[in-house]
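Notes for the one structure printed next.
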Amino acid sequence: MPTIGQVAGMDHLSAARLRRVGIKTSHAFLKKARGEERLLSLSEATGIDRTTLWNLAASADLMRLEGMGGAYCGLLRAAGIHSVSQLGRMSSEEVTRALVTVNHNRRIVRRLPSPREVEVWVSQASDPGFADSE
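Residue numbers (this note's numbering): 558 to 691.
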């Protein structure tokens with residue numbers, strides 16, 4: 558389980574603010590950031606705006622996928638795939654095409670995920686039980 562500082566897009570100041578309120582892991586962060594009311598409460602407690610927290614929570618959620626690190630999470634987000642539910646509605650071929658295109662244009666990662674890795678992500682993301690497994 559990634560530490561709060563390992564969440565894709567997390568800056569040092571935000572990580573420190575989250576640690577100050579007792580959030581040390583991505584798992585703990587997701588629990589505290591689920592739902593609008595909790596997100597607002599966390600925003601007030603940390604001084605981090607809601608939009609930033611929402612984006613960080615989306616990254617933390619994507620990072621629950623098998624083999625998903627910060628770089629691949631950033632690649633997915635750069636390709637316009639911002640959530641597990643969005644990923645779950647796509648085919649692995651669509652995802653692969655989007656990743657190849659964005660990486661060709663922006664050189665985000667050295668090695669693209671294999672078609673098998675993408676299939677695993679899409680399969681996990683489309684599993685209704687995955688959302689409840691955090």
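Beta carbons: idealized from backbone N, C-alpha and C, even for Gly.
Please read these numbers as outputs of a predicted model, since none were measured by experiment.
Cβ neighbour criterion (16 or more within 10 Å) applied to residue i
| i | result |
| --- | --- |
| K589 | buried |
| R634 | buried |
| V679 | buried |
| R668 | exposed |
| S571 | buried |
| L613 | buried |
| V578 | exposed |
| T603 | buried |
Element boundaries [alpha helix (DSSP H), containing residue i]
| i | result |
| --- | --- |
| K589 | S583 to A590 |
| R574 | H569 to R577 |
| P672 | P672 to S683 |
| A628 | G627 to A635 |
| V659 | S649 to R663 |
| S598 | E593 to T603 |
C-beta contact flag for residue i and residue j at 9 angstroms
| i | j | result |
| --- | --- | --- |
| G627 | P670 | no |
| R621 | L587 | yes |
Best match in the options for proximity to residue i [C-alpha to C-alpha]
| i | options | result |
| --- | --- | --- |
| N660 | G631, L619 and L599 | G631 |
| G686 | V641, A655 and M625 | V641 |
| D606 | D684, S649 and E593 | E593 |
| R673 | S648, V666, A585 and D684 | S648 |
| G645 | V564, A682, M625 and L656 | A682 |
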